[in-house]
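To start, the structure itself, in structure tokens.
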Amino acid sequence: MDAIDEVYPDARFIMTHRDPAKALASVCSLLYEIRRAHVLNPQPEAHGKRQQEYWALGLERALAFRDRVGEARFFDISHKRQVIDPAEQIRPLYEKLGWDYDDGLTARIKQWQEGTPRRPHPVSPGFFGLDPEDIAQRYRFYSERFAAFL
Numbered sequence: 042m043d044a045i046d047e048v049y050p051d052a053r054f055i056m057t058h059r060d061p062a063k064a065l066a067s068v069c070s071l072l073y074e075i076r077r078a079h080v081l082n083p084q085p086e087a088h089g090k091r092q093q094e095y096w097a098l099g100l101e102r103a104l105a106f107r108d109r110v111g112e113a114r115f116f117d118i119s120h121k122r123q124v125i126d127p128a129e130q131i132r133p134l135y136e137k138l139g140w141d142y143d144d145g146l147t148a149r150i151k152q153w154q155e156g157t158p159r160r161p162h163p164v165s166p167g168f169f170g171l172d173p174e175d176i177a178q179r180y181r182f183y184s185e186r187f188a189a190f191l
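Per the numbering used here, the sequence shown starts with residue 42, numbered consecutively.
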């Protein structure tokens, strides 16, 4: 983010928020599928613990950057609400950016949403050695600050 800010000092950032336990399980699942195609013994539990720390450090750095440059350059979106009604999440973003938003865009978003069914894939955090209590403790700095978006 610092590199982007250095080149584009007026850049604004969109930050999508999701429950850390769900986000971690999902990212671990995705990366595990990639790893197991290339690694003989992908060790899901060790992989999960590494990812838990890796993403926590990334969030800490992102929030430190956010604190340095100011809240005004950020727009927050709830992943949960974005999945349910993307048009209603995008409208305030357009307003913040000073862009025109019309009902035609809402119609196109809804058309896309109806034509793109969600295919949820069940993910077991335990398979990756992830413990909800550990996650809650490690990500408390984030979850408390952005509770309204989770």
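Idealized CB from N, CA, C, for every residue including glycine.
By the C-beta density criterion, Arg149 is exposed, having fewer than 16 other C-beta atoms within 10 angstroms. Residue burial is scored here from C-beta neighbours: Trp140 has fewer than 16 other C-beta atoms within 10 angstroms and is therefore classed as exposed.
DSSP places Ser119 within a strand segment (E or B) once states are collapsed to three. Closest in C-alpha terms to Val164, from the list Ser67, Tyr180 and Phe115, comes Ser67.
When secondary structure is reduced to three states using DSSP, His79 falls in the coil class, being assigned neither helix nor strand. Here Gln152 is exposed: its Cβ has fewer than 16 other Cβ atoms, across all protein chains shown, within 10 Å. CA-CA distance, Leu171 to Ala64, rounds to 12 angstroms.
Note on geometry: alpha-carbon atoms of Tyr135 and Thr147 lie some 12 angstroms from one another. Contact between Pro85 and Tyr73 holds, since their C-beta atoms are separated by about 6 angstroms, short of 8 angstroms. Annotation: the continuous beta strand (DSSP E) that includes Phe54 extends over Phe54 to His58. Contact annotation, His58 with Phe190: C-beta distance approximately 4 angstroms; criterion of less than 8 angstroms satisfied.
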